[in-house]
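Position one of the sequence shown corresponds to residue 0 (numbering that gives the first Met the number 0), numbered consecutively onward.
Heads up, the thing below is written out as structure tokens.
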Amino acid sequence: MFLFVCAGCGSELTATLSRVALSVHAHQRFGNGLQLPALMESGTFAVEPEPWRPPRRRWHEIHPDESVTRGIYAPVEVLSGGTPGATVIAPGDTRGTVLIPEKRGGACCGLAEANGPNMACEACGLPVASRIDDCSSWQAMWLTPDAVCRLPAAGRDAAPLTWAELMTRGNGTPRSS
Ligand SMILES: [Zn+2]
Ligand SMILES: [Zn+2]
């Protein structure tokens, strides 16, 4: 189990989370005007190893030498110049952040990402994440790689409950009579 803290001031920015694989559908957009559910299950996070956050440039803006340096030999629609390693979490697992209103993006019915993060650390104001909830996009909170630190969540109820604990602490489903 891990939690993420602000790289600027150390404030906690997430609940404790378990790492899972990133869905192959993570960057897919769907429909027009359609509200998609959250990409991530609550209590989990996933990491995108490839850069894909802003700034993004179109293929014709990129010098062939640069694409070769990046290991890309066939045209792609856009190439990201963002730092690799963005973490995605369920929006409800975020703690201690505030919206940066002028960065809400030009989206039609929710928040998007215009140029950089649209959420800031509540304690120090460092831009730390991008909340995405516009139509056609998965609801998600993308943590900015350079602005957060991942820490092991030691001693924070990290281990899952045993069956015996679950039997006493968990809420069972009543048997129908
Ligand atoms: Zn901070
Ligand atoms: Zn929309």
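Every residue gets a Cβ at the ideal spot worked out from N, C-alpha and C, and that includes glycine.
Unbroken beta strand (DSSP E) run spanning S135, endpoints: Where S135 is concerned, there is no enclosing beta strand (DSSP E), given that its DSSP letter is neither H nor E.
Touching by the beta-carbon criterion (3+ pairs, under 8 angstroms), the region 61-69 and the region 28-47: With a cut-off of 8 angstroms on Cβ pairs, the region 61-69 is not in contact with the region 28-47, counting fewer than three such pairs.
Q138 versus E164: straight-line alpha-carbon distance, rounded: Pairing Q138 with E164, the inter-Cα distance amounts to about 33 angstroms.
Distance, W162 Cα to P116 Cα: Cα to Cα, the separation comes out at about 41 angstroms.
C-alpha gap between G124 and L110, whole angstroms: 19 angstroms
Alpha-carbon to alpha-carbon, E112 and C120: The C-alpha of E112 is placed about 17 angstroms away from the C-alpha of C120.
Coil, strand or helix - A37 by DSSP: strand
heavy atom of ligand 2 below 7 angstroms from A134 C-beta: Reading the sequence as shown, one finds Cys at residue 134 and not Ala. Under cutoff, so the answer is yes.
Cβ-heavy atom distance, A128 to ligand 1, below 7 angstroms: no
Extent of the continuous alpha helix (DSSP H) to which S66 belongs: For S66, the enclosing alpha helix (DSSP H) covers residues 63-68.
Inter-residue Cα distance where the pair is P37 and T167: As written in the sequence, residue 37 is Ala, which differs from the Pro given in the question. Their Cα atoms are separated by approximately 31 angstroms.
Span separating the alpha-carbon of P143 from that of R18: One detail in the question is off: residue 143 reads as Thr in this sequence, not Pro. Roughly 17 angstroms separates the two Cα atoms.
Residues near G32 by beta carbon distance below 6 angstroms, same chain, minus five either side: C134
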